[in-house]
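Step one of this worksheet: look at the structure below.
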Amino acid sequence: MPMISPVLTPSHLGDRPSPPPEISAEARKQLPLPDQLPLVNCLARARIPTTQGPEIFLHLYENNIDKKEHLAIVFGEDVRSKSLFRRRAGESQQDRMTRGAYIGKLFPGRTEADKDTKLGKELRFDSNGELVRDADTTYQESTLVRIHSECYTGETAWSARCDCGEQFDEAGRIMGALGHGCIVYLRQEGRGIGLGEKLKAYNLQDLGADTVQANLLLRHPADGRNFSLATAILVDLGLTEIKLLTNNPDKIVAVEGKNREVTVLERVPMVPLAWASGKGINSKEIDGYLSTKIERMGHLLEKPIKIN
Ligand SMILES: [Zn+2]
């Protein structure tokens, strides 16, 4: 995330954000999306300085459909979770600061969560204890969002079978440069099949199957992920008009939700670094993986990318 690129689209691409494809109301009804969003609740938020420069605010969520701790990695102190900031009966200002429901910056000896006297900013609440999202304290513009599903192998174990780690880094770099953004980090390893099954799928791939075939051989759907949690988290963060960093057209529709709780105003493409600049991951596995994304899963990438 070094702060080198002030532009929205990665500068090395010469590509422009494009409006998302139109999807009719009729087509939307056919999609396997839940009628109602899951309930989510932000338990804690903390400032994390990063090795790359910009600081992030990590939000941890619980929900009513699984037992996993999904996350929102937020760039910008002024993006606020409705559930985290809502006033709770009997709580103290210290309680609010401890869970991260404060404005501005914490410092030793600070006593009030709702008011930062050094910055002269104060949060307001309605009679029900709900945060009032006024422009002075809460970010109101459309925000760049990436939905990222956990990938232990790609993010932690240096895997060159997929480009998850690279895409995660690139999303952070762009958002850090912009100053605002949100990566919703869903704990659905291996397109929702879990790490153990993903490792089996890798063996089937070494035996000749592609990503989609391997999942089907293991009797899993090609993509078992559920993005309604991401939609619910975005609504909680007040990020309802967004720019989505993705190549996956299905993700746009899925993130918007059946009732269009979120609107994707722009799609910002994500081009593998190896195609754009010759840097990035290079392996025969990643070529096969990316080809499958394009040819079998309808991703909006053209191969090879022309470099201006
Ligand atoms: Zn991956």
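Numbering (UniProt numbering), first residue to last: 1 to 308. Don't be surprised by glycine CBs; every beta carbon is placed ideally from N, CA and C. Everything numeric in this text was worked out from a predicted model, so none of it was measured.
Going by the C-beta, is residue i closer than 8 Å to any heavy atom of ligand 1?
i	result
K154	For the record, residue 154 in the displayed sequence is Gly; it is not Lys. The answer is yes for G154.
G165	yes
S159	yes
C151	yes
C162	yes
Rounded to the nearest angstrom, how far is the Cβ of residue i from that of residue j, given a contact under 8 Å?
i	j	result
N172	G154	According to the sequence shown, residue 172 is Gly rather than Asn. Incorrect: roughly 14 Å between the Cβ atoms, too far for contact.
E285	R87	Not quite, the Cβ-Cβ distance comes to about 51 Å (not below 8 Å), so this is no contact.
G190	E197	6 Å
A254	P38	Incorrect: roughly 13 Å between the Cβ atoms, too far for contact.
V271	L234	At roughly 24 Å, the Cβ-Cβ gap does not stay under 8 Å, so V271 and L234 are not in contact.
G257	L84	Not a contact, Cβ separation roughly 21 Å.
R163	I281	For the record, residue 163 in the displayed sequence is Asp; it is not Arg. Confirmed, Cβ separation roughly 6 Å.
Which first and last residues belong to the alpha helix (DSSP H) in which residue i is found?
i	result
G181	Per DSSP, G181 belongs to no alpha helix (DSSP H); it is in the beta strand (DSSP E), G181 to L186.
E189	Looking at the DSSP string, E189 is not in any alpha helix (DSSP H), and its letter there is neither H nor E.
residue 328	Here the chain comprises residues numbered 1 to 308, so residue 328 is not present and cannot be evaluated.
R99	Q93 to R99
L217	T211 to L217
A254	P249 to E256
G288	K284 to E295
Beta strand (DSSP E) containing residue i: first to last residue?
i	result
R146	T143 to S149
I242	E241 to L245
L265	T263 to V268
Taking only heavy atoms of ligand 3 into account, decide whether any of them is closer than 8 Å to the Cβ of residue i.
i	result
L37	As for ligand 3, it is missing from this structure, which binds only ligand 1.
In the stretch 11-88, which residue ranges form an unbroken beta strand (DSSP E) of at least 3 residues, counting only runs that do not cross its ends? 40-48, 56-63 and 70-75
Determine, using beta-carbon pairs with one atom in the stretch 141-157 and one in the stretch 228-246, whether at least three such pairs fall under 8 Å. yes
Is the stretch 73-89 in contact with the stretch 38-53, if contact means three or more CB pairs nearer than 8 Å? yes
Do the stretch 207-227 and the stretch 288-299 make contact, defined as three or more Cβ pairs closer than 8 Å? yes
Ordered list of alpha helix (DSSP H) runs contained in the stretch 112-179, each at least 4 residues: 152-155 and 164-178
Please determine if the stretch 211-230 and the stretch 115-123 are in contact, where contact requires at least 3 C-beta pairs separated by less than 8 Å. no
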